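What follows is a set of notes on a single structure, which appears directly below.
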Amino acid sequence: MSAMRRIAVVTSGGDAPGMNAAVRALVRSAAAEQIEVLGVRDGFSGLVAGRFEPLDSRAVAGILARGGTILGSTRFPRLHDRAAQEEAIAQLSGAGVDGLVVIGGNGSQQGTLAFHRLGFPAVGVASTIDNDLAVTETTIGVDTALNTAVGYIDRLKDTATSHQRAFLTEVMGRNSGYLAMVAAIASGAELAMVPERPVDLEVVAEDVRASYGRGKRHYIVVIAEGAHPGAHDLVEYLGSHPSGFEARLTVLGHVQRGGSPTVFDRLLACRFGAGAFHALLAGRTGIVVGLVEGRIAEIPLEDALAPCNKVTPEMLALADVLAR
Ligand code: F6P
1 MSAMRRIAVV TSGGDAPGMN AAVRALVRSA AAEQIEVLGV RDGFSGLVAG
51 RFEPLDSRAV AGILARGGTI LGSTRFPRLH DRAAQEEAIA QLSGAGVDGL
101 VVIGGNGSQQ GTLAFHRLGF PAVGVASTID NDLAVTETTI GVDTALNTAV
151 GYIDRLKDTA TSHQRAFLTE VMGRNSGYLA MVAAIASGAE LAMVPERPVD
201 LEVVAEDVRA SYGRGKRHYI VVIAEGAHPG AHDLVEYLGS HPSGFEARLT
251 VLGHVQRGGS PTVFDRLLAC RFGAGAFHAL LAGRTGIVVG LVEGRIAEIP
301 LEDALAPCNK VTPEMLALAD VLAR
């Protein structure tokens, strides 16, 4: 028989479409076992300040399809300090909370691990558009962000073709090139520039020139925000080393984080949210719920936080072949 009576849930770091669906799944799974849930307002900063509100089944009605997070989120670097971690645990214990679920990405799950190591039961839910947690195949929000990015790149391709231009599109992903790589393959881009494989700008310019010479009507480059050289370097280089195409740069930015989650992300969030509740209830802490070989998996946080590279040699090779 579990000693859990009340748990808390926090959404932390960059929001991701599907976070609300995960909150809803957690709350309703807990309600089915007569366990109370407190929602933490505004991420780890609200946790340290003890800003809690009760969440019952009705409180999470109508949020499944909503982007963002109804709980609010913040960047809160101070949580790296032991003092802030202890303040957070004191707030949780003071509110009678027996366990915490952290819905977030890499930075947030470092907080989950810190709570677990301090002896407070804590479980993570892998949720970030960056897909930069190791072991899990994907995280909540990636599919929606990719669909958004690819939708915009398709539009950019239309106008690029009309004007015979080179369009460079910067996508998010922090230090990971995963979003850029998949968006490039799925939009039929001529090139992906990712941190995992730096390019030589002259080699790129040569290919752009050759494509123009072959009569191509557009040249699309999808560039990860973490790539070096990056989008601004390339647009400058093409500006001073003419290739035939006029170059334009579009930075997609935060539009990739908004919007209603796709069916894939909704389902993933429902499964992850319920999975996190059951792990916590069973006393399995220090893990993050992710997806391994298509199945829900409880991944030790140390493993999920290890360096990861999801841009595989196969993806790079496929992108190169299909761009010809
Ligand atoms: O981690 C998600 C993410 O959107 C990254 O892709 C991006 O680098 C970062 O957050 C942007 O952070 P902020 O919203 O704080 O500007």
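For what it's worth, the numbering used here labels the leading residue of the sequence shown as 1, then goes sequentially. Where a beta carbon is used, it is the ideal one built from N, C-alpha and C, also for glycine. Bear in mind the structure is a predicted one, so any value in this text is a computation, not a measurement.
- Not one heavy atom of the ligand F6P lies closer than 7 angstroms to the C-beta of residue 239.
- Here residue 225 carries a coil assignment [DSSP, helix/strand/coil].
- Beta-bridge pairing by DSSP links residue 298 to 289.
- For residue 172, the shortest separation between its Cβ and any heavy atom of the ligand F6P lies below 7 angstroms.
- Closer than 7 angstroms to some heavy atom of the ligand F6P: that does not describe the Cβ of residue 143.
- Residue range 43-48 is occupied by the alpha helix (DSSP H) that includes residue 44.
- Cβ contact annotation for residue 149 (same chain, cutoff 7 angstroms, sequence separation greater than five): 171, 179, 183, 252, 256, in chain order.
- The Cβ atoms of residue 287 and residue 135 do not sit closer than 8 angstroms to each other.
- Residue 100 is bridged by DSSP to 8, 122.
- By the 16-neighbour rule on beta-carbons within 10 angstroms, residue 314 is exposed.
- Across the structure, residue 76 and residue 44 are spaced so that their CA atoms are roughly 6 angstroms apart.
- At least one heavy atom of the ligand F6P is found less than 7 angstroms from the C-beta of residue 75.
- Around the beta-carbon of residue 96, fewer than 16 other beta-carbon atoms lie within 10 Å, marking it exposed.
- Short note on residue 128: C-beta closer than 7 angstroms to some heavy atom of the ligand F6P.
- Partner residues in the beta bridge of residue 193, as assigned by DSSP, are 223.
- Not one heavy atom of the ligand F6P sits closer than 7 angstroms to the Cβ of residue 196.
- Of the other Cβ atoms in all chains shown, fewer than 16 fall within 10 Å of the Cβ of residue 34; this residue is therefore exposed.
- Annotation: the continuous alpha helix (DSSP H) that includes residue 182 extends over 178-187.
- For residue 165, the uninterrupted beta strand (DSSP E) run begins and ends at 165-171, by DSSP.
- At a threshold of 7 angstroms, residue 254 counts as near the ligand F6P, since its beta carbon sits closer than that to one of the ligand's heavy atoms.
- A buried status is given to residue 274, since no fewer than 16 other beta-carbon atoms sit within 10 Å of its beta-carbon.
- In the three-state reduction of the DSSP assignment, residue 111 falls in the helix class.
- With respect to residue 130, residue 176 sits close: the two C-beta atoms are nearer than 8 angstroms.
- According to the DSSP assignment, residue 314 belongs to the alpha helix (DSSP H) that extends over 313-322.
- Between the segment 263-271 and the segment 14-25, the count of C-beta pairs closer than 8 angstroms reaches three or more; the two stretches touch.
- Between residue 8 and residue 52, the C-beta spacing is below 8 angstroms.
- Contact check for residue 41 and residue 72: beta-carbon distance about 6 angstroms, within the 8 angstroms limit, so the pair qualifies.
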